[in-house]
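Just below is one structure, and these are the notes that go with it.
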Amino acid sequence: MIALVAGDVAVRRADHVVVETASGVGYRLAVSGETLRHVPAVGSQVSLHAHLIVRDDSLNLYGFATEEERDLFLLLIGVQGVGPKVAQAVLSGGTPRELLRALAAGDAARFQAVPGIGKRTAERIVVELREKAGVTPDEDDGPIVVRRADDPRTIARDGLLELGFDAREADALLRDAAGQSAEELLAAALREARR
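Everything in the sequence shown is counted per our numbering, starting at 1 for the first residue and increasing by one.
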């Protein structure tokens, strides 16, 4: 899995950047408008957190200015009806802090304003992510955190997502999986997928 890409900015566009690493390989990363604000000019050094999504016909690499933004992206693509492009559009709508505040406040209208998200999907985002993200609004300047559970099922689910399964498939495969560790759960889910 590619978790971080660091190097020189070779290309900087509205929806993606190309980062040339020290080995001479250029990685194209789709980025949100929020991340793009943190990407310096062409020729400058940059380090982006990354997430690779594998599909039958493509490998898509997504870049993020912060781990918090990447975690929020992973949570968003786990919501039914929200794919990577829509998740990137949501992330373009503000900083992770602002989006988490909207979740904490139950502000579905904020998410409905994003192209590609209707009323039901916006409400689903708020309901599902409010709980999964463990959104905690503190004082105005206090931290708002995304707490991703480190339990074995969550880790196994993330592993299935990394392997190219969509969120619904991953949840279905893990529903009856037996095991104590993430590795055991992942192995059981993969055995189920082969059937």
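For every residue, glycine included, the Cβ atom is placed at its ideal position computed from N, Cα and C. Note that the structure is predicted; figures quoted are calculated from it, not measured.
Exercise for the section: Just the C-alpha distance for Leu185 and Ala89, rounded to the nearest angstrom, thanks. Expected result: In a straight line, the C-alpha of Leu185 is about 32 Å away from that of Ala89.
Practice task
Using 10 angstroms around the beta-carbon of Ser58, count the other beta-carbons present and answer buried if the total reaches 16, otherwise exposed.
Solution key: Exposed, because fewer than 16 other Cβ atoms sit within 10 Å of the Cβ of Ser58.
Handout entry: Assigned secondary structure, Phe111 (DSSP; H/G/I helix, E/B strand, else coil)
Key = Residue state for Phe111 is assigned as helix, using DSSP reduced to three classes.
Practice task
Could you name the residues of the same chain whose beta carbon sits closer than 6 Å to that of Arg28, not counting the 5 residues immediately before and after it, in chain order?
Solution key: Within the same chain, Arg28 has close Cβ partners His16 and Val18.
Exercise for the section: Spatial neighbours of Pro96 within its chain, please: CB distance less than 6 Å, with the 5 preceding and 5 following residues excluded, ordered by chain position. Expected result: So the qualifying residues of the chain are Glu68, Glu69 and Leu72.
Problem - Spatially closest choice to Ser32 from His49, Ala108 and Gly7, by CA coordinates - result: The option with the nearest alpha carbon to Ser32 is His49.
Handout entry: Val182 versus Ile2 - alpha carbon distance
Key = First, the amino acid is wrong: residue 182 is Ala here, not Val. So the two alpha carbons sit approximately 20 Å from each other.
Problem - 8 Å contact criterion, which Ile53 and Val82 should meet: CB distance rounded - result: Incorrect: roughly 13 Å between the Cβ atoms, too far for contact.
Handout entry: Leu4 classed as buried or exposed, judged by whether at least 16 other C-beta atoms fall within 10 angstroms
Key = Per the 10 Å Cβ criterion, exposed.
Handout entry: Reference Ala14; option with closest CA among Thr21, Asp56 and Thr35
Key = Ala14 has its Cα closest to that of Thr35, out of Thr21, Asp56 and Thr35.
Handout entry: DSSP-derived helix/strand/coil call for Val19
Key = Per DSSP, reduced to three states, the secondary structure at Val19 is strand.
Exercise for the section: Verify the CB distance criterion: does His38 have a CB-CB separation below 7 Å to chain C? Expected result: Among the protein chains of the structure shown there is no chain C, as only one such chain exists.
Problem - Among Pro40, Phe111 and Gly78, nearest to Ala172 - alpha-carbon criterion - result: Per the Cα distances, Gly78.
Problem - Arg130 versus Leu91: straight-line alpha-carbon distance, rounded - result: Going by the C-alpha atoms only, they are around 16 Å apart.
Handout entry: Strand pairing of Gln45, partner residues [DSSP]
Key = In the DSSP assignment, Gln45 is bridged to Asp8.
Problem - Contact check, Glu20 vs Ala10, beta carbons under 7 Å - result: Between Glu20 and Ala10, the C-beta gap is smaller than 7 Å, which places the two residues in contact.
Practice task
In angstroms with no decimal places, state the Cα-to-Cα distance between Leu160 and Ala109.
Solution key: Taken atom to atom, the span from the alpha-carbon of Leu160 to that of Ala109 is near 31 Å.
Practice task
Reducing DSSP to helix, strand and coil, say where Pro143 ends up.
Solution key: At Pro143 the pLDDT is 49, less than 50, meaning the model places this residue with poor confidence and gives no usable figure here.
Exercise for the section: Please look up how many angstroms separate the CB atoms of Gly203 and Val86, rounded, as I've assumed it's under 8 Å. Expected result: One cannot answer for residue 203 here, as it falls past the ends of the chain, which runs 1 to 195.
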